[in-house]
Each structure stands twice: as structure tokens, then as C-alpha cells.
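> Quick one: this structure, given as C-alpha cells, is what I'll be asking you about.
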Amino acid sequence: MTDSIEYNGFVITPAPKQRREPPGWTLEVHITPAGRVLGKRRCRTGNTYDTEEEAIAHCFELGRRIVDNKVHPRSKGEA
Numbered sequence: 106m107t108d109s110i111e112y113n114g115f116v117i118t119p120a121p122k123q124r125r126e127p128p129g130w131t132l133e134v135h136i137t138p139a140g141r142v143l144g145k146r147r148c149r150t151g152n153t154y155d156t157e158e159e160a161i162a163h164c165f166e167l168g169r170r171i172v173d174n175k176v177h178p179r180s181k182g183e184a
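Take any residue in the sequence shown, note its place counting from 1, add 105, and you have its number in the working numbering.
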């Protein structure tokens, strides 16, 4: 797994996944309050990127936008 960054009191850890169909890398980011083990949020998107490095960069951007409350990912079970 790629290195994490600390941002505004949260640790953002990218965890992109490689897909076969369509080929590419999808975004998954883990966001945890800094200094804690519990309370991790796992957020994913269906966007695909050609390389893992590109997906990682977008994971960090997605994580920062979530922490800044600019993106509101749905929780599991929401319609």
C-alpha cells in the first residue's frame, strides 16, 4: 500500500484497485482521524485511470475534498 498523508487532522491513505474490465485503476481511499485506529472511512469511486500512480494522485485529491467537506460520499446502504 502507498504512503499516507496527514491532512487537517486526518490520515489519508490511497488504496486503488486494478480492474480487468474496463481495464484501469479505480479509486479507493481510507480516511482515519489522526492518532486513532478506529473510525476509518473507506470511500470508493467508479472512475478509472490508466496507471496506478495517476489513481493514487486522485485518491489524495478525493481524500482532501472529503475532509474539506466538498464531497459527500454516500454511506453503504444509502439509496
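No residue lacks a Cβ here, since even glycine has one placed at the ideal position from N, Cα and C.
None of these values were measured; they are calculated from a predicted model.
I need the boundaries of the alpha helix (DSSP H) containing H163, first residue and last residue.
To locate residue 163, count along the sequence shown from 1; it is residue 58. Where H163 is concerned, the enclosing alpha helix (DSSP H) stretches over E157 to V172.
> Just how far apart, CA to CA, sit R124 and T131?
Taking the first residue of the sequence shown as position 1, residue 124 is located at position 19. Taking the first residue of the sequence shown as position 1, residue 131 is located at position 26. Roughly 7 Å separates the two Cα atoms.
> Assuming K145 contacts H135 under a Cβ cut-off of 8 Å, what Cβ separation, rounded to an integer in Å, is found between them?
Locating residue 145 in the sequence shown gives position 40, where the first residue counts as 1. Locating residue 135 in the sequence shown gives position 30, where the first residue counts as 1. About 5 Å separates the two Cβ atoms, so the contact holds.
> State the Cα-Cα distance for the pair P138 and V172, rounded to the nearest angstrom.
In the sequence shown, counting from the first residue as 1, residue 138 sits at position 33. In the sequence shown, counting from the first residue as 1, residue 172 sits at position 67. Cα-Cα distance, rounded: 10 Å.
> Pull up the distance between the alpha-carbon of P178 and that of R147, whole angstroms please.
Stepping through the sequence shown from its first residue, residue 178 is reached at position 73. Stepping through the sequence shown from its first residue, residue 147 is reached at position 42. If I take the Cα positions, the gap works out to 10 Å.
> Measure the alpha-carbon distance for G151 versus P128 and round it to whole angstroms.
The residue you call residue 151 lines up with position 46 of the sequence shown. The residue you call residue 128 lines up with position 23 of the sequence shown. One C-alpha to the other measures close to 12 Å.
> Just verifying my parser: in three-state terms, what is the DSSP assignment at G129?
Position 24 of the sequence shown, counting from 1, holds the residue named residue 129. Strand at G129.
> Once you ignore the five residues that flank G168 on each side, which residues in its own chain have a CB closer than 6 Å to its CB?
For this step, residue 168 is matched to residue 63 along the sequence shown. The answer, listed in chain order, is I117, V134 and I136.
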